[in-house]
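Q:
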Amino acid sequence: MADPGTGLETLLQVIVTFLRLSLFSLGGGNTLLAEYHHLSVDKYHWITNTQFADIYALAEAAPGPSSMIVGLLGLGAGWHHGPLWGLVSGVSAEVAILLPSTVVMVMAALSWNRLKDAPVRVAFEKGLGPVTLGILFSVGLTVLRTADHHWLAYVVSAVVCALMLFTRISPLYFMLVAGVLGGLGLIQR
Amino acid sequence: MTQQQELARPPSRKALFGGMLQVALSSFGGGMSAWSQRIVVEQRRWMSNESFITGLTVARLFPGPNQINMAVYIGAQFQMLAGAIAAVSGILLVPFSLLMLIGMVYFQFHAVPAVDRVLTGVVAAAAGLALSMGFKILDVYWRDPLALLLAAITFVALEVFHIHLIPVVLCLGPVAMLSYWPRGGKRG
């Protein structure tokens with residue numbers, strides 16, 4: 001692993017990284033997952049590939065918005081300098097990813113009705129959907145590549161994907177069952 | 190119709206924080222937007238159902254996590270940026286604290302073999318979730334060749350040419366908006 005620098009350096013790196021990405025979290029924020037992976041694993045070496053996959057699963061399984069994964073990435077980045085740095089960095093990461101989009105959203109909340117028939121609103125509403133669609137497929141593949149390295153793991157992912165599309169069962173049950181299978185040693189990385 | 194009910198007085202920042210805290214606690218098992226509708230529209234009568242629905246649309250469209258954007262929308266209606274921050278803090282306080290706790294436990298113990306084995310399974314299931322996200326909204330665009338083309342170009346740019354997300358969105362976003370710019374209609 002690369003030299004992590006000082007705690008303060010890591011903290012600043014975390015804040016700048018997530019401030020920059022905030023306004024690109026289209027489609028509810030999941031579009032950023034591949035970028036999170038690239039930055040936190042490949043570029044800044046905050047966490048390992050396996051840790052990223054674990055953190056993603058934890059954020060999905062825990063109650064509350066799964067976009068809070070950013071807090072966990074910050075935590076992992078600061079963890080090299082001790083738990084306190086981890087916490088500070090985790091909270092800062094979450095504030096940084098939310099602040100710019102919140103400011104834009106406040107402006108949108110106050111002005112959107114006035115733009116009712118404006119062409120720019122129509123184009124915005126219709127145009128960003130297809131781009132989001134393309135990003136989400138790429139994100140799905142990235143997470144899959146990060147998470148699974150054994151054929152059985154791929155099978156589990158494919159089955160869960162199908163169940164998500166064709167049933168309305170809560171994904172928590174799928175994670176629970178897969179966790180048990182993993183605990184029994186039936187699924188390998 | 191229930192929408193005819195009189196609205197309550199505009200909430201203070203403290204009330205916004207408390208209301209969204211209640212939403213977060215109620216929706217621990219999921220279904221956050223249904224819970225926030227129940228609490229914000231039906232119980233506390235802060236806004237009409239109509240403006241709540243508008244909020245959901247705006248929250249989905251703009252950058253940021255949907256559920257958090259919805260809290261921003263609700264807070265901003267009454268107390269501008271301060272209200273938005275109060276509402277977001279309310280909705281995040283408990284789940285985020287919990288997640289930080291889980292994270293600290295994870296970084297302390299993830300090397301324990303038993304923990305790692307269980308996580309291996311959970312991770313494979315979670316990857317299935319990630320894979321389903323694109324398919325989930327695919328049927329919306331299925332009959333729209335232009336949308337499929339734009340989605341395909343985006344996908345290829347990211348996956349085949351390994352261009353980063355920010356330049357991709359900055360280039361293809363405007364192209365997509367121009368492709369869907371309403372034509373002909375009545376313009377001032």
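Top line first, the protein sequences correspond to chains H and L. Per the working numbering, residue 1 is the first one in the first sequence, and the count goes up by one each step. Per the working numbering, residue 190 is the first one in the second sequence, and the count goes up by one each step. All C-beta atoms, glycine included, are put in the ideal place defined by N, C-alpha and C. Given the structure is predicted, the values throughout are model-derived calculations rather than measurements.
Interface residues of chain L around K126 (chain H) at Cβ under 7 Å?
A: Correct list: Y369.
Q: Under a Cβ-count criterion, where at least 16 other Cβ atoms within 10 Å of its own Cβ denotes burial, should N113 (chain H) be classed as buried or exposed?
A: By the neighbour-count rule (16 or more Cβ atoms within 10 Å), N113 (chain H) is not buried but exposed.
Q: Going by C-alpha distance, which of H:H150, H:Y44 and H:D54 is nearest H80 (chain H)?
A: Of the listed residues, the one whose Cα sits closest to H80 (chain H) is H:Y44.
Q: Tell me whether the beta-carbon of G74 (chain H) lies closer than 9 Å to the beta-carbon of V91 (chain H).
A: A contact, by the Cβ cut-off of 9 Å.
Q: Below 8 Å on the Cβ atoms is my guess for S22 (chain H) versus I97 (chain H); work out the distance and round it to an integer in Å.
A: The Cβ separation is near 5 Å, so the contact holds.
Q: Between the region 277-286 of chain L and the region 119-128 of chain H, are three or more C-beta pairs nearer than 8 Å?
A: At 8 Å Cβ cutoff, the stretches do not touch.
Q: Give me the chain H residues within the contact set of V307 (chain L), using Cβ-Cβ distance strictly less than 7 Å, ordered along the chain.
A: What V307 (chain L) touches in chain H: G179, G182 and G183.
Q: Just by C-beta distance, which residues in the region 48-60 of chain H are closer than 9 Å to chain L?
A: Listed in sequence order: T50, Q51, A53, D54, I55, Y56, A57, L58, A59 and E60.
Q: On the premise that V357 (chain L) lies in contact with A340 (chain L), defined as a C-beta separation below 8 Å, what is that separation, rounded to the nearest angstrom?
A: No, A340 (chain L) and V357 (chain L) are not in contact; Cβ-Cβ is about 12 Å, not under 8 Å.
Q: Rounded to whole angstroms, what's the CA-CA distance from N255 (chain L) to R249 (chain L)? Just pull it up for me.
A: Approximately 5 Å, taken between the alpha carbons.
Q: Rounding to the nearest angstrom, what Cα-Cα distance links V311 (chain L) and I187 (chain H) in this structure?
A: Rounded to the nearest angstrom, the two C-alpha atoms are 10 Å apart.
Q: How would you write the range of the alpha helix (DSSP H) that P363 (chain L) sits in, first residue to last?
A: Counting along the chain, the alpha helix (DSSP H) containing P363 (chain L) begins and ends at L354 to S368.
Q: Using alpha carbons as the reference points, say which of H:L141, H:L181 and H:T48 lies closest to A303 (chain L).
A: When only C-alpha atoms are compared, the closest one is H:L181.
Q: Starting from A61 (chain H) and walking both ways along the alpha helix (DSSP H), at which residues does that stretch end?
A: First-last of the alpha helix (DSSP H) with A61 (chain H): N49 to A61.
Q: Is the region 122-132 of chain H close to the region 352-371 of chain L, with three or more CB pairs under 8 Å?
A: A contact exists between the region 122-132 of chain H and the region 352-371 of chain L.
Q: E231 (chain L) by DSSP, collapsed to three states: which one?
A: Note: E231 (chain L) maps to helix in three-state DSSP.
Q: Could you work out which residue in L:Q226, L:M221 and L:Q232 is closest to R198 (chain L) when comparing CA atoms only?
A: When each option's Cα is compared against that of R198 (chain L), the closest is L:Q232.
Q: Measuring alpha carbon to alpha carbon, tell me which residue in H:V95, H:F24, H:A57 and H:E35 is nearest L176 (chain H).
A: Minimum Cα distance to L176 (chain H) is reached at H:A57.
Q: Between S67 (chain H) and the rest of its own chain, which residues show a CB-CB distance below 6 Å, the 5 nearest in sequence each way excluded?
A: Same-chain partners within the cutoff: G29.
Q: Helix, strand or coil, according to DSSP, for R145 (chain H) in the structure here?
A: It is helical.
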